[in-house]
Amino acid sequence: MLQNFWLKPAPHLMRGFNQGIEDRLYGFIPPLLLIYIFFQPFNHFAGIKNTAFILMSLLFLIKITRKGINIHWKDSTIIALFILGLVILISIFLSNYVIDSLNAFRKNFLYQTVAFFVIVTEFHEVEKLKALLHTVIVSFITVTLIIFIKNPPANLLNILEVKAQKETFLRGYALNAAFYVPFTIGYLFSTKDRLSIKAFYWLMLLAEFVLVWLYYSSRTTLAAVLAAGVIMIVMSKRYKMLLAMLIVFLGVGIITYFKKPELLERHKTLLYPATYMTNEGLSGRLGIWKGTIDMIKDRPALGYGYGWKKIAIVAREEGYLERWKEKWPDTYDFFEKGGYGRASPHNLILQILFEVGILGLLAFMLFWATVFLKTTGIIKKGCASELSCFVKYGVLGVLVAYSIINITNSLWEETYGVLTFALSAITVVIYEQNRCKNH
Numbered sequence: 012m013l014q015n016f017w018l019k020p021a022p023h024l025m026r027g028f029n030q031g032i033e034d035r036l037y038g039f040i041p042p043l044l045l046i047y048i049f050f051q052p053f054n055h056f057a058g059i060k061n062t063a064f065i066l067m068s069l070l071f072l073i074k075i076t077r078k079g080i081n082i083h084w085k086d087s088t089i090i091a092l093f094i095l096g097l098v099i100l101i102s103i104f105l106s107n108y109v110i111d112s113l114n115a116f117r118k119n120f121l122y123q124t125v126a127f128f129v130i131v132t133e134f135h136e137v138e139k140l141k142a143l144l145h146t147v148i149v150s151f152i153t154v155t156l157i158i159f160i161k162n163p164p165a166n167l168l169n170i171l172e173v174k175a176q177k178e179t180f181l182r183g184y185a186l187n188a189a190f191y192v193p194f195t196i197g198y199l200f201s202t203k204d205r206l207s208i209k210a211f212y213w214l215m216l217l218a219e220f221v222l223v224w225l226y227y228s229s230r231t232t233l234a235a236v237l238a239a240g241v242i243m244i245v246m247s248k249r250y251k252m253l254l255a256m257l258i259v260f261l262g263v264g265i266i267t268y269f270k271k272p273e274l275l276e277r278h279k280t281l282l283y284p285a286t287y288m289t290n291e292g293l294s295g296r297l298g299i300w301k302g303t304i305d306m307i308k309d310r311p312a313l314g315y316g317y318g319w320k321k322i323a324i325v326a327r328e329e330g331y332l333e334r335w336k337e338k339w340p341d342t343y344d345f346f347e348k349g350g351y352g353r354a355s356p357h358n359l360i361l362q363i364l365f366e367v368g369i370l371g372l373l374a375f376m377l378f379w380a381t382v383f384l385k386t387t388g389i390i391k392k393g394c395a396s397e398l399s400c401f402v403k404y405g406v407l408g409v410l411v412a413y414s415i416i417n418i419t420n421s422l423w424e425e426t427y428g429v430l431t432f433a434l435s436a437i438t439v440v441i442y443e444q445n446r447c448k449n450h
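Counting in this note's numbering, the sequence shown runs without a single skipped number right up to 450 at its last residue.
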């Protein structure tokens with residue numbers, strides 16, 4: 012009997028022991044999400060990023076299967092997300108490109124949705140949310156530091172040539188800056204971190220702006236970052252900072268004028284009306300938009316299925332290239348030369364209409380309308396906390412930049428998909444925290 016006592020621990024003790032191990036495993040979910048978010052702006056380390064996501068998803072699935080999920084299902088943003096997902100799935104199964112669209116759904120919308128629900132359920136604590144905000148900021152700072160370390164000043168002043176040499180850390184940098192720069196400014200305006208941390212973040216923010224300025228093809232990003240920055244500064248009534256921003260802007264412009272005058276000439280085109288009204292000013296996008304609209308007209312309700320990479324294939328297989336060959340030669344050239352994953356509509360609204368049609372666009376707008384309403388609701392109640400202030404400045408600033416950058420780009424999948432869904436989830440969590448406090 013004594014032997015059995017030692018060999019067979021009491022069942023309730025074993026259950027407690029196993030439960031402790033299980034809870035410790037679930038504790039890895041937030042750090043794995045942070046790793047996944049950290050590697051978003053990198054064009055490398057896909058293995059680390061995907062491994063973190065798979066492990067996080069597996070643990071999260073086990074946890075909600077065994078313990079359930081604590082979530083406010085009647086939240087307007089969550090309802091809108093389900094509507095968007097449903098419309099996307101319907102568009103996929105009613106399209107002629109089911110396999111390709113399902114693959115795009117798996118690689119993009121599924122990842123974005125999992126990240127959204129992990130943040131909503133696992134990041135209720137203030138410290139965890141702050142860790143997430145720091146992770147977003149530090150990830151882009153790391154990419155920026157790597158670029159400066161790898162490239163001597165002469166290269167950075169000839170950044171177009173650096174791109175030609177396939178500097179992979181630079182690929183997509185300017186587009187990503189339209190998210191990370193206003194996000195960082197919003198964080199700096201809202202938190203009370205140590206002076207050394209804030210000073211470092213401000214210094215790196217300046218470095219990020221310089222890289223965006225030097226990036227030859229970043230006119231839209233420059234406009235998005237400046238507009239978001241001005242709006243956040245005015246909202247915070249930091250007028251001295253607005254003056255400092257103007258001085259930095261002029262200083263960088265003067266240095267560029269003497270070192271690389273053609274770059275300044277390119278950025279000056281942002282002030283010319285022709286930039287926004289002619290095909291040349293829009294870098295050939297009018298022809299691209301014309302062709303995309305022509306395809307949308309034939310499947311207006313649900314589009315051709317989720318995923319943008321197949322657009323050139325659709326143009327070829329559905330007979331549009333032959334239609335455009337004589338009628339619109341510039342449109343024909345773009346889609347004929349652009350193979351799978353190389354041609355893009357270069358406008359977010361047109362891309363969504365192409366992929367998931369009018370119903371998909373309405374669902375997308377509904378989702379972001381709920382996020383915007385939460386943002387304005389938090390702003391109206393004032394900066395009751397640092398996180399509420401972040402929504403007032405950071406979330407609003409990113410939404411402004413996101414709206415501008417997508418006039419000539421189409422960013423709602425891949426890195427931007429994950430980042431914007433993470434931003435929406437952060438907004439939902441902070442909104443719920445404020446709602447609970449008021450009750």
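Beta carbons: idealized from backbone N, C-alpha and C, even for Gly.
Exposed or buried, what is E138 when buried is set at 16 or more other beta-carbons lying within 10 Å of its beta-carbon? exposed
Distance, Cα to Cα, L156 vs S207? 18 Å
Evaluate the contact criterion for the region 301-321 versus the region 92-103: three or more CB pairs, one atom per stretch, below 8 Å. yes
With three or more C-beta pairs closer than 8 Å as the rule, is the region 190-200 touching the region 112-130? no
Under 8 Å by Cβ, that's how I've got Y226 and A185 pegged, so tell me the actual separation to the nearest angstrom. 4 Å
Quick one: residues in its chain with C-beta nearer than 7 Å to the C-beta of L370, no 5 flanking neighbours on either side, listed in chain order? V98, A312 and L313
Residue from I324, D341, F383 and Y317 whose Cα sits closest to the Cα of L364: Y317
Where do the N-terminal and C-terminal ends of the alpha helix (DSSP H) with W480 fall, by residue? A question about residue 480 goes unanswered here, because the residues of the chain that appear run from 12 up to 450.
Indicate whether K60 and F71 have their beta-carbon atoms separated by less than 7 Å. no
In its own chain, which residues sit with a C-beta less than 7 Å from the C-beta of T438, not counting the 5 before and 5 after it? V382, K385, T386, V402 and V406
Extent of the continuous alpha helix (DSSP H) to which K320 belongs: No alpha helix (DSSP H) holds K320; DSSP gives it neither H nor E.
For T76, count the other beta carbons within 10 Å of its own beta carbon; 16 or more makes it buried, fewer makes it exposed. Which is it? exposed
List in chain order: all unbroken alpha helix (DSSP H) runs of 4+ residues lying wholly within the region 330-368. 331-338 and 340-348
Cutting at 6 Å between CB atoms, please list the residues of its own chain near I307, excluding the five before and the five after it. L364 and F365
Compute the Euclidean distance between the alpha carbons of I90 and F375, then round it to the nearest angstrom. 12 Å
Three-state secondary structure assigned by DSSP to I158: helix
Cα-Cα separation between R334 and I324, rounded to whole angstroms: Cα to Cα, the separation comes out at about 15 Å.
DSSP three-state assignment for I208, whether helix, strand or coil: helix
Local conformation of A239 per DSSP, three classes: helix
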